[in-house]
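Chains as they are written, first to last, in the numbering used here: chain A, 1036 to 1148; chain B, 97 to 204.
Where a beta carbon is used, it is the ideal one built from N, C-alpha and C, also for glycine.
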Amino acid sequence: GGIITQTPKFLIGQEGQKLTLKCQQNFNHDTMYWYRQDSGKGLRLIYYSITENDLQKGDLSEGYDASREKKSSFSLTVTSAQKNEMAVFLCASSRTGGGNTLYFGEGSRLIVV
Amino acid sequence: GDQVEQSPSALSLHEGTSSALRCNFTTTTRSVQWFRQNSRGSLINLFYLASGTKENGRLKSAFDSKELYSTLHIRDAQLEDSGTYFCAAGTGGYKVVFGSGTRLLVSP
């Protein structure tokens, strides 16, 4: 088995601030994903990465940057936090692409004050 | 429009009863996954299907890639089945697109 660890669990920042979320997986999976979940809603894909140093935009990439410096880690940066961005950010990984089971971390909640 | 249409958006069941959730896909879908999200926000993978049906205890899922839909049947619902259920479509390549979820409440 393996685990996906997201840090921090809660991230509080001010409007306009640049904020970074981190995700680590020890499954040795190739593909990693960042999703955003707004309260009571489904998950929307922000960025994904199919291998180290690869980045692919999802449906919601504007206002975000991502970085996959190592196979095991995938970070997401909110470039200028806005109050309407308060949501839970979920990291996932899978062995290869969409044809394999996704495993999720427990999420990071972003709070903008 | 949305690639994955999930229904119903909310469902109330009494313990011991059964029901089904459904996802319709508007584009070619090569695989489907079903998840349950608990009150802490954790997403647990229930099924992965590239075709056909799978069963695990009181849960059974089916995927018809030609007719573009998938179902999740819950038999003999228990209180611990409460949560939000999501389907997710693998549309080819690496993207996985989620439905908007079904909030299930099982009551005594």
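Can you tell me where the beta strand (DSSP E) with Gln-129(B) in it begins and where it stops?
127 to 133
Is there at least one Cβ from chain B nearer than 8 Å to Gln-1059(A)'s Cβ?
no
In angstroms with no decimal places, state the Cα-to-Cα distance between Gly-1093(A) and Leu-1054(A).
Gly-1093(A) and Leu-1054(A) have their alpha carbons spaced roughly 19 Å apart.
Could you tell me whether the stretch 1119 to 1132 of chain A touches the stretch 168 to 185 of chain B, where touching means 3 or more Cβ pairs closer than 8 Å?
no
What is the rounded straight-line gap between the Cα of Val-202(B) and the Cα of Ser-114(B)?
Looking at the two C-alpha atoms, the distance is approximately 10 Å.
Going by DSSP, what residue range makes up the beta strand (DSSP E) through Thr-180(B)?
179 to 186
Per the DSSP calculation, Asn-141(B) is bridged to which residue(s)?
Phe-131(B)
Look at the Cβ atom of Phe-159(B), then the Cβ atom of Leu-142(B), and state whether they are nearer than 8 Å.
no
Between Val-1148(A) and Glu-1120(A), is the Cβ-Cβ spacing less than 8 Å?
no
Check the Cβ of Thr-1066(A) against every Cβ in chain B and list those closer than 8 Å, keeping chain order.
Tyr-190
Count the CB pairs spanning the stretch 1134 to 1145 of chain A and the stretch 1036 to 1056 of chain A that are closer than 8 Å, and state whether there are at least three.
yes
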